[in-house]
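Let me begin by presenting the structure, written as structure tokens, before commenting on it.
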Amino acid sequence: MTLSGLNIRDFQTEVDGQLTDLYVLRNENGMEACITNYGGRVVSLMVPDRNGKMEDIVCGYPTIADYLATKQNFGATIGRYIGRIVNSTFTLDSVTYHLVPNTDIHCAHGGDPGFASKIWQAEQLDENALKLSLFSPDGENGFPGNLRVHVIFVLTKDNELDIHYEAETDKPTVINLSHHSFFNISGDFNTTVEDQSLYINADMYTPYDSLKCVTGEILPVAGTPFDFTTPHVIGERIDEDVMQLNIVKGYDHNWVLNTDGDDTKLAARLIDFKSGRTMEIYTNEPGLQIYTANGLRGAMVGKKGIAYQKRSAICMETQHFADSPNKPQFPSTVLRPGENYKSRCTYRFGIEK
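Number 285 in our numbering belongs to position 282 of the sequence shown; there are no gaps in the numbering.
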């Protein structure tokens, strides 16, 4: 049994001739992360509160069978492309590519099956580090190029979950990888995140049209419920009667970070006042997608028999922007042969006294 109460044997099975397993990372401070090579998923993450009490702060399931039975992206590595590519098409170097749609007429999160449904090759590098590798063949879900992907998870001595992504291609392609944990840093998934304080280092965001497709605009957050340049409690403005919130029934938007790709600059900070836990995000990515789990309805029963309710978690996904291949004004997601895609996302946990 792991510190989080998982049984490693419950994650050992065979899927399409490949073996799944659960890998346990620990740091010198007693933190623990459990990761399965099915979808590169963080299954549990044990983090101390202000009294040193370790609690699991991510949504997940207690067995691999539960993950295989659902399409939910709890804790997954998302690729080839997180977010929507509108109308499942894009043109690169005068060649138009037709992707396999999986969200109405659009291709979301890399199509189906995406990286979240793949069995990754795993190599435990150290007690606190895991390397996952995946080969995505040319034409998979319509994407060009044989793509080789590596993701390294490190549980650092500074109580960080540090995620490094690398990829190479043999044809020009597009790529946008991210991590999809559903966090509740209170450690209590019977509560919502609406009382937690959020700061986002972003003056702009990318709005949707009425069908939840990005318009291509980059708009200021000033004077809107999207302004977290000074900390606000998440629930303070989440139900305001404005189009952008009504479309997704809360927050599920991309903020344009002020950090200019500098992963030493703070991108966002979340504070839970009851437990004292804080989570800071650092990244070299230009955007941060924040989703307040508006779609959870209690139908998904996870670890410890908890039925995950609306807004009982928050996703903090470092990324390039949705539909960038069709929006030349957005930062480019093109990867060419000879180039090395590198992305970093660091979740740093601390204590607010």
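Built from N, CA and C at the ideal position, the CB exists for glycine as well.
Note that the coordinates shown come from a computational prediction; the quantities given were computed from them, not determined experimentally.
Meets three-Cβ-pair contact criterion under 8 angstroms: the stretch 188-208 and the stretch 269-276 = A contact exists between the stretch 188-208 and the stretch 269-276.
- Query: Touching or not, the stretch 21-41 and the stretch 116-125, by the rule of three or more beta carbon pairs under 8 angstroms?
  - Reply: Yes: the two stretches touch, three or more of their Cβ pairs being nearer than 8 angstroms.
#### Entry: Collapsed DSSP secondary structure at R217 in the structure displayed
Residue identity check: residue 217 is Val in the sequence provided, not Arg. Correct three-state label for V217: strand.
query = Closest to P234 by CA distance: which of H167, L95, A205 is it?
reply = Comparing Cα positions, the closest option is A205.
Three-state class that DSSP yields for F185 in the structure shown: Reduced to three states, the DSSP call for F185 is coil.
TODO: Apply the 10 Å Cβ neighbour rule to K121 and answer buried if 16 or more other Cβ atoms are within range, or exposed otherwise.
DONE: With 16 or more neighbouring CB atoms inside 10 Å of its own CB, K121 falls in the buried class.
Quiz item: Run through DSSP, which three-state label would V103 get?
Solution: In the structure shown, V103 sits in coil (DSSP, three-state: anything other than H, G, I, E or B).
Q.
Under DSSP, the beta strand (DSSP E) around N3 begins and ends at which residues?
A. As displayed, the chain neither begins before 4 nor continues past 356, which places residue 3 out of reach and without an answer.
Between the alpha carbons of G20 and I38, how many angstroms are there, rounded?
Taking the straight line from one Cα to the other gives about 20 angstroms.
With which residues is T209 paired in a DSSP beta bridge?
Its beta-bridge partners are N257.
Whole-angstrom Cβ separation of V224 and Y208, contact assumed at under 8 angstroms?
-> So it is a contact: roughly 6 angstroms between Cβ atoms.
**Asked** Can you round the beta-carbon distance between T80 and F118 to whole angstroms, since I take them to be within the 8 angstroms contact cut?
**Response** Separation of the CB atoms of T80 and F118 is rounded to 5 angstroms, and the pair is thereby assigned contact status at 8 angstroms.
| Taking all protein chains shown into account, do 16 or more other C-beta atoms lie within 10 angstroms of the C-beta of H101, making it buried, or fewer, making it exposed? | With fewer than 16 other beta carbons inside 10 angstroms of its own, H101 counts as exposed.
### Message
Is the separation between the beta-carbon of R351 and that of N287 shorter than 7 angstroms?
### Response
Taking the C-beta atoms as reference points, N287 is found no nearer than 7 angstroms to R351.
### Message
So, with DSSP's three-state summary, where would you put A271?
### Response
A271: strand per DSSP, three-state reduction.
Margin query: I'd like the ranges of any beta strand (DSSP E) spanning at least 3 consecutive residues and lying wholly in the stretch 284-319.
Written below: At a cut-off of 3 residues, the continuous stretches assigned as beta strand (DSSP E) that sit fully inside the stretch 284-319 are 290-294.
Exercise. With a threshold of 16 other CB atoms inside 10 Å of the CB of G33, please say whether the residue is buried or exposed.
Key: By the 10 Å Cβ count, G33 comes out exposed.
Inset, instruction - State the DSSP-derived secondary structure class of M57, mapped to helix, strand or coil. - result: Here DSSP, grouped into helix, strand and coil, assigns M57 to strand.
For the beta strand (DSSP E) containing M49, name the first residue and the last one. Start and end: 44-51.
Excluding the 5 residues flanking T230 on each side, which residues of the same chain have their C-beta closer than 6 angstroms to its C-beta? Correcting the residue type first, residue 230 is Asp in the shown sequence and not Thr. So the list reads V224, once near-sequence residues are dropped.
Original post:
Cα-Cα, which of V157, I178, M319, P331 is closest to A111?
Top reply: Taking only the C-alpha atoms, the option nearest A111 is I178.
Self-check item: Check whether E35 and M49 have beta carbons under 7 angstroms apart
Solution: Their beta carbons are under 7 angstroms apart, which means E35 touches M49 by this criterion.
task = With DSSP as the reference, please indicate the residues paired to P223 in a beta bridge.
result = BP columns for P223 point to M207.
Given a threshold of 16 other Cβ atoms within 10 Å of its Cβ, counted over all protein chains shown, does M4 qualify as buried or as exposed? Flag for M4 reads exposed.
In the DSSP assignment, find the unbroken beta strand (DSSP E) run with A170 in it and report its ends. Segment 163-172, the beta strand (DSSP E) holding A170.
**Request:** Would you kindly work out how many angstroms separate the C-alpha atoms of G114 and E320, rounded to a whole number?
**Result:** Roughly 18 angstroms separates the two Cα atoms.
- Consult DSSP for R83 and reduce its assignment to one of helix, strand or coil. If DSSP states are grouped into helix, strand and coil, R83 belongs with coil.
**Prompt:** Is any beta-carbon of chain B found at less than 7 angstroms from that of L214?
**Reply:** Among the protein chains of the structure shown there is no chain B, as only one such chain exists.
Let me check understanding here. Comparing Cα to Cα, which of A325, S136, Y168 lies closest to Q292?
Out of A325, S136, Y168, A325 has the C-alpha closest to the C-alpha of Q292.
Checklist line | Boundaries (first-last residue) of the beta strand (DSSP E) holding L150 | finding: Residues 150-158.
Q. Which class does R280 belong to by DSSP, given the choice of helix, strand or coil?
A. Annotated three-state conformation of R280 is strand, per DSSP.
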